[in-house]
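In what follows, a single structure is set out as structure tokens and then discussed.
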Amino acid sequence: AQSVTQLDSQVPVFEEAPVELRCNYSSSVSVYLFWYVQYPNQGLQLLLKYLSGSTLVKGINGFEAEFNKSQTSFHLRKPSVHISDTAEYFCAVSPRGSSNTGKLIFGQGTTLQVKP
Amino acid sequence: DAGVTQSPTHLIKTRGQHVTLRCSPISGHKSVSWYQQVLGQGPQFIFQYYEKEERGRGNFPDRFSARQFPNYSSELNVNALLLGDSALYLCASRSGTVSSNTGELFFGEGSRLTVL
């Protein structure tokens, strides 16, 4: 079984400041890792994903994340946030292997609040 | 191209009633998944359908059922509604094969169900 823990429920930050949203996961098998963003009254949109290869992955809107296998973490970062980045962010995992159903296991979410 | 579309966007039901939620995937996507997102939590996997067959089911009671039609659209049915079924129900579609979990899940904006 897999589980995802997002370590901060809310992260307030001032505009143009850097931000890190933390995500840890637990799994007995190897996983793929994802970050999704949900703007108010909208569905989820993929920010970035880690499948294999370089542990630093870059996504849309200037976000990046680093996979750390030893610490089972996949933290999301942005060097300078904008007001428009205010949203809910979800970390998710999906087990590798042919027996999976393709489902995603999500964390509880982190609310990023960017203040002017 | 149209994204994933869901209907209705909002609905109110009373306990014990039945509800049907509808989803049209992105053109060409054969895999449809349903997720339940309770306020303040991450989405929880309910079902995955591929080529009109159920390929995965989450930890939900038998009151929840779904089906996929030849045009790949899908319905989620919930019988004997409980107050705890109040949530945002998200539909997502994906290209690729049934076990392909590296591709992006595209989410609709959801159907917000309130049970009184």
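Same order as they appear, the protein sequences are chains A and B. Take the first sequence: its position 41, counting from 1, is numbered 41 in my numbering, and each next residue is one higher. Take the second sequence: its position 77, counting from 1, is numbered 1077 in my numbering, and each next residue is one higher. Glycine included, each C-beta is placed from N, C-alpha and C at the ideal position.
Within the same chain, show all residues whose beta-carbon is closer than 8 Å to that of residue i, passing over the 5 residues directly before and after it, in chain order.
{"i": "D8/A", "result": "L21, R22 and T110"}
{"i": "H1018/B", "result": "N1077, V1078, N1079, A1080 and L1081"}
If you drop the 5 nearest sequence neighbours on each side, which residues of the same chain put their C-beta closer than 6 Å to that of residue i?
{"i": "L44/A", "result": "Y36 and Q38"}
{"i": "Y25/A", "result": "V4, T72 and V93"}
{"i": "T1020/B", "result": "E1075 and N1077"}
{"i": "H1010/B", "result": "R1112"}
Rounded to whole angstroms, what's the CA-CA distance from residue i to residue j? Just pull it up for me.
{"i": "H82/A", "j": "L46/A", "result": "18 Å"}
{"i": "G53/A", "j": "Y1050/B", "result": "29 Å"}
{"i": "Q108/A", "j": "Q6/A", "result": "6 Å"}
{"i": "A1066/B", "j": "Q1006/B", "result": "14 Å"}
{"i": "V1004/B", "j": "L76/A", "result": "26 Å"}
{"i": "F63/A", "j": "N1059/B", "result": "33 Å"}
{"i": "L56/A", "j": "L48/A", "result": "10 Å"}
{"i": "R1015/B", "j": "V13/A", "result": "41 Å"}
{"i": "Q42/A", "j": "Q1036/B", "result": "14 Å"}
{"i": "Y50/A", "j": "L1116/B", "result": "41 Å"}
If you compare alpha carbons, which of the options is closest to residue i?
{"i": "S1073/B", "options": "G1042/B, L1105/B, L1039/B and C1091/B", "result": "C1091/B"}
{"i": "Q1041/B", "options": "Q1048/B, G1003/B, S1086/B and L1081/B", "result": "S1086/B"}
{"i": "V114/A", "options": "P95/A, Y89/A, S84/A and Q42/A", "result": "S84/A"}
{"i": "G59/A", "options": "A87/A, Q42/A, F34/A and N68/A", "result": "F34/A"}
Kindly list, in the order they appear in chain B, the residues whose Cβ is closer than 7 Å to that of residue i.
{"i": "Q2/A", "result": "By Cβ distance, chain B contributes nothing, its closest Cβ being about 11 Å from Q2/A, past 7 Å."}
Opposite residue i in the DSSP bridges: which residues?
{"i": "E1075/B", "result": "R1022/B and R1067/B"}
{"i": "I105/A", "result": "V93/A"}
Applying a beta-carbon distance threshold of less than 8 Å, which residues of chain B neighbour residue i?
{"i": "L21/A", "result": "In chain order: nothing, as chain B lies at least about 13 Å away."}
{"i": "G109/A", "result": "G1040, Q1041 and G1042"}
Closer than 8 Å, CB to CB, is residue i near chain E or not?
{"i": "L1113/B", "result": "This model lacks chain E altogether, as its protein chains are A and B."}
So which residues on chain A does residue i lean against when the C-beta distance must stay under 9 Å?
{"i": "F1045/B", "result": "T101, K103, L104, I105 and F106"}
The ligand SAM and residue i: does any heavy atom of the ligand fall closer than 7 Å to the residue's C-beta?
{"i": "E88/A", "result": "With respect to small molecules bound, the structure shown includes none, and the ligand SAM cannot be examined in it."}
Using a C-beta to C-beta distance shorter than 9 Å, which residues of chain B count as neighbours of residue i?
{"i": "Q42/A", "result": "F1107, E1109 and G1110"}
{"i": "F90/A", "result": "G1042 and P1043"}
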